[in-house]
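The sequence shown runs 1 to 382 under full-length UniProt numbering. Note that the Cβ used here is the ideal one computed from N, Cα and C, for glycine as well. Presented below is the structure to which this report refers.
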Amino acid sequence: MKITEEELNIIRQTVRNFVKKEVEPLAEQIEEEDKVPRTLLDKAAEIGLFGLSMPQEYGGLGAGMVGKAMIYEELGRGPNGFSSIIGCHNGIGSVGIVECGNQEQKLRYLPKMSTGEIIGAFALTEASAGSDPGNLKTSAVLKGDRYVLNGTKQFITNSDVAGVFTVMAVTDKSKGSKGITSFIVERSFKGFAVGKFEKKMGLHGSRTAELIFEDCEVPLENVLGELGQGYVNALKILANGRAGLAARNLGSSQRLLEVSIKYALQRVQFGKPIFENQIIQHYLANMAIEIEALRSLTYDVARKIDRGEKIIKEAAIVKAFGSEVFGRVADLAVQIHGGMGYMRECEVERFYRDARIARIYEGTSEIQRNIIAAQLKKEFAQ
Numbered sequence: 001m002k003i004t005e006e007e008l009n010i011i012r013q014t015v016r017n018f019v020k021k022e023v024e025p026l027a028e029q030i031e032e033e034d035k036v037p038r039t040l041l042d043k044a045a046e047i048g049l050f051g052l053s054m055p056q057e058y059g060g061l062g063a064g065m066v067g068k069a070m071i072y073e074e075l076g077r078g079p080n081g082f083s084s085i086i087g088c089h090n091g092i093g094s095v096g097i098v099e100c101g102n103q104e105q106k107l108r109y110l111p112k113m114s115t116g117e118i119i120g121a122f123a124l125t126e127a128s129a130g131s132d133p134g135n136l137k138t139s140a141v142l143k144g145d146r147y148v149l150n151g152t153k154q155f156i157t158n159s160d161v162a163g164v165f166t167v168m169a170v171t172d173k174s175k176g177s178k179g180i181t182s183f184i185v186e187r188s189f190k191g192f193a194v195g196k197f198e199k200k201m202g203l204h205g206s207r208t209a210e211l212i213f214e215d216c217e218v219p220l221e222n223v224l225g226e227l228g229q230g231y232v233n234a235l236k237i238l239a240n241g242r243a244g245l246a247a248r249n250l251g252s253s254q255r256l257l258e259v260s261i262k263y264a265l266q267r268v269q270f271g272k273p274i275f276e277n278q279i280i281q282h283y284l285a286n287m288a289i290e291i292e293a294l295r296s297l298t299y300d301v302a303r304k305i306d307r308g309e310k311i312i313k314e315a316a317i318v319k320a321f322g323s324e325v326f327g328r329v330a331d332l333a334v335q336i337h338g339g340m341g342y343m344r345e346c347e348v349e350r351f352y353r354d355a356r357i358a359r360i361y362e363g364t365s366e367i368q369r370n371i372i373a374a375q376l377k378k379e380f381a382q
């Protein structure tokens with residue numbers, strides 16, 4: 001049964017209230033401790049935030065991409081570290097199982113992922129393979145009734161809380177990107193370990209770490225999709241998640257605009273609110289123009305995803321544009337706030353740091369432009 005627009009609007013308001021009353025009051029604690037309290041994750045689970053991507057038959061919300069975008073937009077208004085945990089789980093951390101998993105895999109994992117009992121993560125990046133996944137070094141060798149994985153992954157989001165990882169490994173080195181296979185790896189599997197946690201500029205609370213595979217034993221039934229289709233699976237997973245990232249960037253940008261307007265109306269210089277200065281008005285107007293353009297683009301791509309359309313180019317466009325709008329809006333917000341915007345106690349300072357990673361993770365802006373150009377070439381040749 002498909003969720004209705006009225007139900008989505010109720011959920012959206014619930015999430016907005018949740019972010020305001022439960023998440024934002026913990027923003028400073030999350031920043032200082034670089035950790036989201038388990039109690040907050042439990043509260044998020046209670047209102048269904050871990051089941052956004054999961055179909056209803058597996059206990060999820062089955063929100064569709066438009067529904068997820070609405071909810072991500074609200075989550076983006078709060079600390080990005082928290083929204084990153086939820087976004088990763090519902091995006092790249094679970095979409096592979098939803099889209100490429102067989103019925104047995106879905107029954108085994110999705111019900112527990114829907115409730116937050118199991119949190120998902122996605123492991124592609126390595127020291128020598130980020131933008132170039134064809135250079136993966138993590139190997140998977142078939143031995144009897146299981147694959148044995150060896151290698152190291154880097155910068156993996158949700159490493160501290162995830163129970164299930166979608167892992168890309170090389171099963172046939174001679175085939176390049178066509179020799180990559182996807183695996184579902186449980187945290188408890190023999191030979192799997194979480195290594196050093198990285199200290200990041202932003203996204204505090206969303207912890208990333210290296211993953212270590214030392215003769216990690218993965219049962220045959222945990223191969224995700226077809227053998228050698230891991231790279232194709234990764235492209236599908238990443239493309240699907242890009243509209244979600246744009247929606248989170250949209251929510252953050254909207255929040256920055258609102259706090260900047262409020263500050264500009266209250267801050268008095270030379271006997272008048274700084275809002276009365278035309279340059280400040282232009283800054284705010286530019287922020288509003290970009291935000292509205294991003295809103296239209298984000299929901300257009302989300303609707304195309306829900307209709308089952310091919311959105312390789314559009315997903316790359318919305319990811320690049322959304323991340324860059326967030327960066328520009330955050331920069332203007334700091335400028336409007338002046339010296340106060342540079343202080344840790346000011347929330348725009350946190351958003352400014354969080355915004356910088358948006359142009360890098362899940363495909364850099366440069367890679368998105370490569371994808372766009374490649375699709376334009378294909379379209380022109382037709």
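Would you report the Cα separation of A140 and F183, rounded to the nearest angstrom?
-> 9 Å
Any chance the stretch 121 to 140 sits against the stretch 271 to 285, with 3 or more Cβ pairs inside 8 Å?
-> no
L257 and I291: beta carbons closer than 9 Å?
-> yes
How many angstroms separate the CA atom of T166 from the CA atom of S94?
-> 8 Å
Just checking, does the stretch 194 to 211 make contact with the stretch 344 to 356 on the three C-beta pairs under 8 Å criterion?
-> yes
Could you say if the stretch 296 to 310 and the stretch 56 to 72 meet the contact criterion of at least three C-beta pairs nearer than 8 Å?
-> yes
Please confirm if the stretch 35 to 50 is in contact with the stretch 212 to 223, defined as three or more CB-CB distances below 8 Å between the two stretches.
-> no
Is the beta carbon of S159 sitting closer than 9 Å to the one on T208?
-> yes
Within its chain, find whatever has a CB closer than 7 Å to the CB of G230; leave out the 5 residues flanking it on each side and keep chain order.
-> M168, I180, T181, S182
Which of helix, strand or coil does DSSP assign to S174?
-> helix
Starting from the N-terminal side, write out each stretch of the alpha helix (DSSP H) that is 4 residues or longer and does not extend beyond the stretch 229 to 303.
-> 230 to 266
State the CB to CB distance for the pair L245 and K319, rounded to an integer number of angstroms; the pair is presumed to be in contact (CB under 8 Å).
-> 6 Å
Can you name, in chain order, every residue of its own chain whose Cβ lies under 8 Å from the Cβ of T14, other than the five neighbours on each side?
-> I47
Quick one: grab the DSSP three-state call for R307.
-> coil
Cα-Cα, which of V148, E57, P25, L8 is closest to residue 389?
-> Outside the shown range of the chain (1 to 382) lies residue 389, about which nothing can therefore be said.
Residues in its own chain within less than 6 Å of N150 by CB, not counting five upstream and five downstream?
-> S139, F213
Hey, could you find the ends of the beta strand (DSSP E) T157 is sitting in?
-> 146 to 157
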